[in-house]
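In my numbering, the protein residues as written are 621 to 794. Note that CB positions come from ideal geometry on N, CA and C, so glycine has one too. Since this is a predicted model, take the numbers as computed values, not measurements. Below: one structure, written as structure tokens.
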Amino acid sequence: MGLLALLFFNFIVVGALGFGGGFGMIPLLKAVTLSHHWLSLTAFDQAIAMGQITPGPVAISATFIGERVAGPLGAVAATLGVFIPSQIVMVVISHWYHRLRAIQSVQHVMNVTLAAVVGLIAGVTLTLGISLVHGFVDGVMAFAIAFVALRFKRIPYWAFILVAGTIGAFWLRA
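Below, the structure written as structure tokens:
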């Protein structure tokens, strides 16, 4: 199987099993990418970070991974692969959505899925946070920034990201 087909089919699996949106896909993206040795852990973290700073869904990280692995065609293959399963599911279930959501067992499954997604997002946050913090001072800065972000919710996110990014740029330059 060629590299583009391998990318496409692996990202179809990620798209099909990535419950909870993009953040739910990150552990699957990581497993697929690292198991095939397509990227190093550092390059994977950078691809996820690029997906975070660009507008659009987190699944756009698949585009960056595909591009790093196989160029522009790899970006297309990975992006199509990750988005096609959700599109198929939405077309199929949209017809029955109103009837299905009234069924109590379906509601229970959705609640359990939501809890699992929260756990996945927490795991991704911890894993990325640990891999990006190098040393005690970086850890203190990351904790302080997270504390300010959570404590002062009236600060617009764009302003917070701008200030934190500026501090980080000066910190890395020093």
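A Cβ-Cβ distance of about 11 angstroms is found for the pair glycine 642 and serine 706, leaving them out of contact under the 8 angstroms criterion. For the segment 700-770, the full-length alpha helix (DSSP H) segments reaching 4 residues or more read 717-720 and 724-752 along the chain. For phenylalanine 629, the enclosing alpha helix (DSSP H) begins and ends at 623-637. Distance from phenylalanine 631 to alanine 682 at the Cβ level is roughly 6 angstroms; contact confirmed, criterion being Cβ atoms closer than 8 angstroms.
Between alanine 669 and arginine 774, the alpha-carbon positions lie close to 24 angstroms from each other.
In this structure, glycine 694 and leucine 624 form a Cβ contact; the two beta carbons are roughly 6 angstroms apart against a cut-off of 8 angstroms.
When DSSP states are grouped into helix, strand and coil, isoleucine 775 belongs to the coil group. Per DSSP, alanine 679 lies in no alpha helix (DSSP H) segment and is marked neither H nor E. The continuous alpha helix (DSSP H) containing leucine 654 extends over residues 642-655. About 7 angstroms separates the beta carbon of glycine 749 from that of alanine 762, a gap short enough to meet the 8 angstroms contact definition. Your pair threonine 699 and phenylalanine 639 does not check out as a contact, with CB atoms roughly 19 angstroms apart and the cut at 8 angstroms.
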